[in-house]
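Residue numbers (this note's numbering): 30 to 506.
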């Protein structure tokens, strides 16, 4: 063991040093004053120091305090040498932080005993340090894992928290959620979700994706109605740098590539351009793609979930949707009923939306009167759950009372109905300047698209024209 001996009496320091070196085989360094001792310790720390108390300049008490204040000295055992009957010095030594003391004249057996105790103590400190390091490493490792899991759980909660918003109070929706849970267990089965706008198709898709534990896997969505045919291939497959005018300089991963290991959700699949359908079908069959402008084969491994608010069978009859693609994406089907078809969900959902709104604003929850609940229950809710949520949030925001009555609800619903009526009555004003037939066509198509919330398939059906003509008129082709 390395020991630092400090004493202004050179005879005593030499005697102690020789005994420790030659009789006990320790490595000893000697200093004849406390200042030199402190400097020596700072340059090379020691597990043990033996020091006299009374020395010129700095005394042993001050030295002990300074050593203990040094980060390298917190585990150093300091033994102070004091007068045989100087009890006050003994107590002072211990208070200063000394491990033990030796009385003058020094008894060699007592010195051996103190050295032995220090050796045992230093061994114990080393073992504790090893155990503490292992424990700290374990805690750090577990903390990283826990934090990682917590982040995934927080992310998943943020993603899945909307699941309750579709309403799972009725028997019909309980069956839907049971089917979603069952489908979660097999990611190889493509799923087609069918339901009107506002019924919660994407929320059910997320339920299929996440299940109970797939919190870290990607959920990548693409709305087929919102992408122009010219950019659809790039969005779906990605592109290499400089593949086309306006492409990213570094290239870009497509939705399929991004979804690898997770789920690709294609919303409004019925709006997929007919010319893109064979390419999608081939990618799904081959389980591999090439980026636009690329030659590297990219393998695919994702769950496919598609959603539509129209009858794909009708699209097949009208040659707007391929039969082979329909069979490929329709291995399992979930039909989400409208809110009108599950009226028992209306009131529980309405109250839930009021509670969520109140919680977000830290306000008391607004209460529906009996008459208000009757209005809600008897309404058809063409906008489904989304419309119900908007209505409840508007009612809670506009009301200054703790109760929401029937008149307040009727007022909001009448505004919606009046808005719908006004869009149905296609009112077009003609400007004084020249107006082409193309401008009139475009105005009509835009009006109808607004009526059907941007759904080109429904707009085409309503106008009795092809979906491609709708796209040409609004400039998507």
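No residue lacks a Cβ here, since even glycine has one placed at the ideal position from N, Cα and C.
Using DSSP's beta-bridge definition, name the partner residues of residue i.
{"i": "residue 362", "result": "221"}
{"i": "residue 248", "result": "292"}
{"i": "residue 77", "result": "32 and 106"}
{"i": "residue 216", "result": "DSSP output for residue 216 lists no bridge partner at all."}
{"i": "residue 131", "result": "110"}
{"i": "residue 431", "result": "None; residue 431 has no bridge partner."}
{"i": "residue 321", "result": "268"}
{"i": "residue 281", "result": "268"}
Within the same chain, show all residues whose beta-carbon is closer than 7 Å to that of residue i, passing over the 5 residues directly before and after it, in chain order.
{"i": "residue 95", "result": "67"}
{"i": "residue 394", "result": "383, 384 and 387"}
{"i": "residue 364", "result": "223 and 224"}
{"i": "residue 198", "result": "373, 374 and 377"}
{"i": "residue 304", "result": "258"}
{"i": "residue 254", "result": "297, 300, 483, 484 and 485"}
{"i": "residue 496", "result": "349, 485, 486 and 489"}
{"i": "residue 340", "result": "none"}
{"i": "residue 187", "result": "For residue 187, the predicted structure reports a pLDDT of 44, less than 50, and the residue's modelled location is therefore unreliable. The matter cannot be settled from this model."}
{"i": "residue 282", "result": "267"}
{"i": "residue 369", "result": "409 and 410"}
Is residue i near residue j, with beta carbons less than 8 Å apart?
{"i": "residue 330", "j": "residue 267", "result": "no"}
{"i": "residue 71", "j": "residue 99", "result": "yes"}
{"i": "residue 484", "j": "residue 348", "result": "no"}
{"i": "residue 431", "j": "residue 375", "result": "no"}
{"i": "residue 367", "j": "residue 228", "result": "yes"}
{"i": "residue 481", "j": "residue 472", "result": "no"}
{"i": "residue 298", "j": "residue 237", "result": "no"}
{"i": "residue 313", "j": "residue 284", "result": "no"}
{"i": "residue 230", "j": "residue 336", "result": "yes"}
{"i": "residue 379", "j": "residue 417", "result": "yes"}
{"i": "residue 48", "j": "residue 137", "result": "yes"}
{"i": "residue 287", "j": "residue 247", "result": "yes"}
Pick helix, strand or coil for residue i, following the three-state DSSP scheme.
{"i": "residue 390", "result": "helix"}
{"i": "residue 254", "result": "coil"}
{"i": "residue 326", "result": "strand"}
{"i": "residue 267", "result": "strand"}
{"i": "residue 87", "result": "coil"}
{"i": "residue 397", "result": "strand"}
{"i": "residue 302", "result": "coil"}
{"i": "residue 436", "result": "helix"}
{"i": "residue 121", "result": "helix"}
{"i": "residue 92", "result": "helix"}
{"i": "residue 490", "result": "helix"}
{"i": "residue 164", "result": "helix"}
{"i": "residue 452", "result": "For residue 452, the predicted structure reports a pLDDT of 44, less than 50, and the residue's modelled location is therefore unreliable. The matter cannot be settled from this model."}
{"i": "residue 371", "result": "helix"}
{"i": "residue 382", "result": "helix"}
{"i": "residue 408", "result": "coil"}
{"i": "residue 442", "result": "helix"}
{"i": "residue 226", "result": "coil"}
{"i": "residue 507", "result": "Lying outside 30 to 506, the shown extent of the chain, residue 507 is not represented and no answer is given."}
{"i": "residue 101", "result": "helix"}
Just reading off the alpha helix (DSSP H) that residue i is part of, what are its end residues?
{"i": "residue 415", "result": "413-427"}
{"i": "residue 82", "result": "First-last for residue 82: undefined, no H or E at that position."}
{"i": "residue 469", "result": "466-480"}
{"i": "residue 501", "result": "496-503"}
{"i": "residue 42", "result": "39-47"}
{"i": "residue 71", "result": "63-72"}
{"i": "residue 346", "result": "341-346"}
{"i": "residue 297", "result": "That residue, residue 297, is in no alpha helix (DSSP H); it is neither H nor E in DSSP."}
{"i": "residue 239", "result": "230-239"}
Can you name the start and end residues of the beta strand (DSSP E) that residue i belongs to?
{"i": "residue 106", "result": "106-111"}
{"i": "residue 333", "result": "332-337"}
{"i": "residue 56", "result": "56-60"}
Can you list, in chain order, the residues of its chain whose CB lies under 8 Å from that of residue i, leaving out five sequence neighbours each side?
{"i": "residue 108", "result": "77, 78, 79, 80, 127, 128, 129, 130, 131, 143 and 147"}
{"i": "residue 85", "result": "37 and 62"}
{"i": "residue 317", "result": "326, 327, 328 and 329"}
{"i": "residue 357", "result": "219, 310, 313 and 314"}
{"i": "residue 39", "result": "61"}
{"i": "residue 492", "result": "473, 474, 477 and 499"}
{"i": "residue 353", "result": "310"}
{"i": "residue 122", "result": "82, 89, 90, 93, 109, 111 and 130"}
Using a Cβ-Cβ cut-off of 6 Å (strictly less than) and excluding sequence neighbours within five positions of residue i, which residues of its own chain qualify?
{"i": "residue 309", "result": "none"}
{"i": "residue 398", "result": "432 and 434"}
{"i": "residue 240", "result": "213"}
{"i": "residue 320", "result": "266, 267, 268 and 269"}
{"i": "residue 101", "result": "74"}
{"i": "residue 208", "result": "363"}
May I ask you to check if the CB of residue i is nearer than 7 Å to at least one heavy atom of the ligand FAD?
{"i": "residue 262", "result": "The ligand FAD is not part of the structure shown, which contains no ligands of any sort."}
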